[in-house]
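Below is one structure, written out as structure tokens, with a few remarks after it.
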Amino acid sequence: INTSSTTSPILEDKLLDGLLSPVFDELSCMSRYRSSLYRKPSPFPLSPYLTKRLRTYEAYHKRCGPNTRRYRRAIKQLKSGRNIREMECKYVVWYPCNGLGNRMLTLASTFLYALLTNRVLLTYMTKESQNLFCEPFPGSSWLLPSDFPIQDTYNFHKDAPQSYVNMLRNKVIDNSVNVSADSLPAYIYLHLEQFRLRLENNIFCEDDQLTLAKFNWMILKSDSYFVPALFLMPSYEEELRRLFPVKESVFHHLGRYLFHPTNPVWGIISRYYEAYLAKADEKLGLQIRIFPEAPMSFEDMYDQILACSRKEKLLPEIGTTEPFINSTSNKTKVKAILITSLYPGYYEKLKSMYYVNPTATGEVVAMYQPSHEELQHTEAQNHNQKALAEMYLLSYCDNVVMSAWSTFGYVAHGLAGLKPWILLRPGWMQKKADPACVRSMSVEPCLHSPPNLDCKAKKDVDAATLVPYVRHCEDVSFGLKLF
Ligand code: GDP
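With this note's numbering, the residue at position 93 of the sequence shown is 95, and numbering never jumps.
The following block contains the structure:
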């Protein structure tokens with residue numbers, strides 16, 4: 003299909019101004035075309051350069067993806083046990099780690115890394131994360147074929163001998179410019195998991211990226227949104243500036259490009275939206291996440307939500323008189339509050355408050371919570387489908403209040419293009435957070451484990467001091483995010 007001459011303005015709109023490729027069958031993935039109808043238009047204009055790069059990437063992926071001659075040739079190289087120079091196609095294989103929010107953030111980061119380093123992104127989708135997302139690249143697949151020669155995912159961890167950092171440390175490879183690509187092992191493993199809450203050194207430095215670029219095959223495992231680390235590298239600066247003139251739009255655009263819930267998940271989303279949210283005059287999303295490593299009593303969290311709401315005027319205040327006594331209007335404003343949480347208690351208590359009391363403004367509050375799964379079950383596909391559906395439902399709200407540190411919350415407000423209010427985590431030895439919440443200065447997710455190395459000086463440095471558009475996060479004081 004010739005995209006430029008045949009697309010109508012309506013289709014252009016559905017394709018989000020050219021963010022999405024027109025070469026897909028609409029019925030196979032309804033969310034691709036319908037999801038944006040539930041949201042306000044994106045606040046961030048798309049750079050025509052990003053659109054162009056995405057179309058070029060799609061062509062590259064189709065040329066080199068699974069079931070192509072070039073892919074088979076690359077697999078042959080991988081099986082041969084050593085790297086070779088000047089292969090036409092290079093690959094980065096993404097391995098999953100942690101919950102769905104973490105996975106989506108790392109997939110988006112890995113895709114950006116693939117764009118910057120000219121690699122084809124393949125994903126190892128374990129059973130529980132299959133059938134969540136439609137294929138994002140037309141005429142090909144991003145799924146790693148089942149006969150991929152490296153199967154044992156348990157081998158990939160921080161101490162794996164194939165990891166780049168360990169290979170350097172053990173002098174299996176060295177990162178000087180004159181090392182020949184032919185002399186390197188068949189693939190490199192890049193471990194970017196939080197380790198004592200800091201990303202490995204020797205990865206986001208120029209010398210290291212030059213060495214990594216020599217490998218045709220890279221396996222990458224991460225639980226972190228490592229995009230801010232890419233923005234710290236001078237060699238990517240110009241390209242990133244052209245791709246994302248507005249820095250805080252990175253996840254917003256990449257997320258809306260990559261992630262399209264499959265039809266069964268879209269069924270959950272659209273049924274719920276149409277039944278409960280579509281007719282509300284205003285929608286507020288409230289994501290409540292209690293982390294096992296930072297437990298909080300129900301009452302403390304509930305009080306924090308109310309304190310935040312009072313300060314920021316989020317939930318309607320309770321009134322003293324019934325509004326119908328003074329009002330002649332017969333149109334009542336409906337404010338929908340969409341709660342997502344593993345537990346039902348917050349919903350029950352907030353709903354009861356508005357059941358027995360009027361609001362000061364006369365508006366009525368409709369309280370909803372799609373599910374309460376009680377426990378995280380990342381290993382279960384239907385549990386993940388609900389999690390994905392709820393991230394999307396949150397992203398259709400006019401405003402979002404999220405819990406500190408939650409990648410689930412980051413995905414929701416990032417897709418929406420909203421700056422959320424963040425319910426802060428109480429400090430060490432503190433019972434209550436003060437202030438209860440703050441407004442995020444950016445739409446971007448936070449990288450919880452910043453790289454600490456000043457590459458040139460070879461010493462630790464506060465990465466938030468290096469470039470003006472990377473700063474510390476409101477919820478994770480040592481974390482980094484783009485502004
Ligand atoms: P994070 O742990 O908050 O950073 O987010 P993740 O998405 O990585 O992991 C949390 C996982 O717990 C989710 O993916 C879900 O499986 C589950 N979960 C947490 N909160 C909710 C919720 O509000 N709704 C649903 N359906 N699942 C949730």
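Here a beta-carbon is modelled for each residue, glycine too, at the ideal position from N, C-alpha and C.
Does any heavy atom of the ligand GDP sit closer than 6 angstroms to the C-beta of residue i?
| i | result |
| --- | --- |
| R243 | no |
| F410 | yes |
| N110 | Here residue 110 turns out to be Ala, not Asn, going by the sequence shown. Result no, Cβ not under 6 angstroms from the ligand GDP. |
| Q378 | yes |
| L222 | no |
| K460 | no |
| F194 | Note on identity: in this sequence residue 194 is Leu, with Phe being the wrong assignment. Incorrect: L194 has no Cβ contact closer than 6 angstroms to the ligand GDP. |
| A465 | no |
| E375 | yes |
| T486 | Past the edges of the chain, shown from 3 to 485, lies residue 486, and the structure says nothing about it. |
| Y416 | Residue identity check: residue 416 is Gly in the sequence provided, not Tyr. Incorrect: G416 has no Cβ contact closer than 6 angstroms to the ligand GDP. |
| E446 | no |
| G1 | Here the chain covers residues 3 to 485 and nothing more, so residue 1 does not appear. |
| Y314 | Reading off the sequence, residue 314 comes out as Glu, not Tyr. It does not: the Cβ of E314 is nowhere closer than 6 angstroms to a heavy atom of the ligand GDP. |
| L260 | no |
| E130 | no |
| A389 | yes |
| G347 | no |
| N104 | yes |
| N384 | no |
| G1 | Absent from the model: residue 1. The displayed extent of the chain is 3 to 485, so no value can be given. |
| N100 | yes |
| E392 | yes |
| R291 | yes |
For residue i, report the span of its alpha helix (DSSP H) as first-last.
| i | result |
| --- | --- |
| H385 | 383-397 |
| V167 | 166-171 |
| K337 | That residue, K337, is in no alpha helix (DSSP H); its beta strand (DSSP E) goes 336-343. |
| I152 | Looking at the DSSP string, I152 is not in any alpha helix (DSSP H), and its letter there is neither H nor E. |
| S111 | 102-119 |
| H63 | 50-66 |
From residue i to residue j, what does the alpha carbon distance come to, in whole angstroms?
| i | j | result |
| --- | --- | --- |
| S165 | K78 | 21 angstroms |
| I3 | D283 | At I3 the pLDDT is 40, less than 50, meaning the model places this residue with poor confidence; the figure from the coordinates comes in the next sentence. About 40 angstroms. |
| P147 | M127 | 10 angstroms |
| F410 | L288 | 12 angstroms |
| N69 | F217 | 21 angstroms |
| F246 | L124 | 23 angstroms |
| S408 | N328 | 43 angstroms |
| K242 | D19 | The amino acid occupying residue 242 in the given sequence is Leu; Lys does not appear at that position. If you take the alpha carbons of L242 and D19, they lie about 20 angstroms apart. |
| V367 | A61 | 49 angstroms |
| E446 | P47 | 15 angstroms |
| L145 | A76 | 16 angstroms |
| A466 | P98 | 28 angstroms |
| T108 | Y189 | 20 angstroms |
| P297 | T330 | 48 angstroms |
| T322 | P422 | 30 angstroms |
| N265 | M32 | 6 angstroms |
| A406 | V413 | 13 angstroms |
| S131 | F233 | 29 angstroms |
| V25 | A391 | 25 angstroms |
| K388 | T112 | 24 angstroms |
| R200 | T119 | 23 angstroms |
| G429 | D477 | 11 angstroms |
| L22 | N384 | 27 angstroms |
| L308 | E324 | 22 angstroms |
| T5 | E28 | Its pLDDT being 40, under 50, T5 is placed unreliably in this model, and the coordinates cannot settle the point. |
Please classify residue i as buried or exposed, where buried requires at least 16 neighbouring CB atoms within 10 angstroms.
| i | result |
| --- | --- |
| I290 | buried |
| I205 | buried |
| L192 | buried |
| M443 | exposed |
| V358 | exposed |
| T363 | exposed |
| F158 | buried |
| N172 | exposed |
| T213 | buried |
| I320 | exposed |
| L39 | exposed |
| G481 | buried |
I'd like to know if residue i contacts chain B, where contact means its C-beta is closer than 7 angstroms to some C-beta of that chain.
| i | result |
| --- | --- |
| K173 | Absent here is chain B; the protein component of the structure consists of one chain. |
Can you tell me where the beta strand (DSSP E) holding residue i begins and where it ends?
| i | result |
| --- | --- |
| N401 | 401-405 |
| Q132 | Premise fails: Q132 is in no beta strand (DSSP E) and is neither H nor E. |
| R441 | 439-441 |
| G287 | 284-290 |
| H474 | 472-474 |
| A368 | 366-370 |
| S224 | 219-224 |
| H262 | Per DSSP, H262 belongs to no beta strand (DSSP E) and is neither H nor E. |
Please find out if some non-hydrogen atom of the ligand FAD comes closer than 6 angstroms to the beta-carbon of residue i.
| i | result |
| --- | --- |
| T363 | Questions concerning the ligand FAD fall outside what the structure shown contains, since the ligands it does hold are the ligand GDP. |
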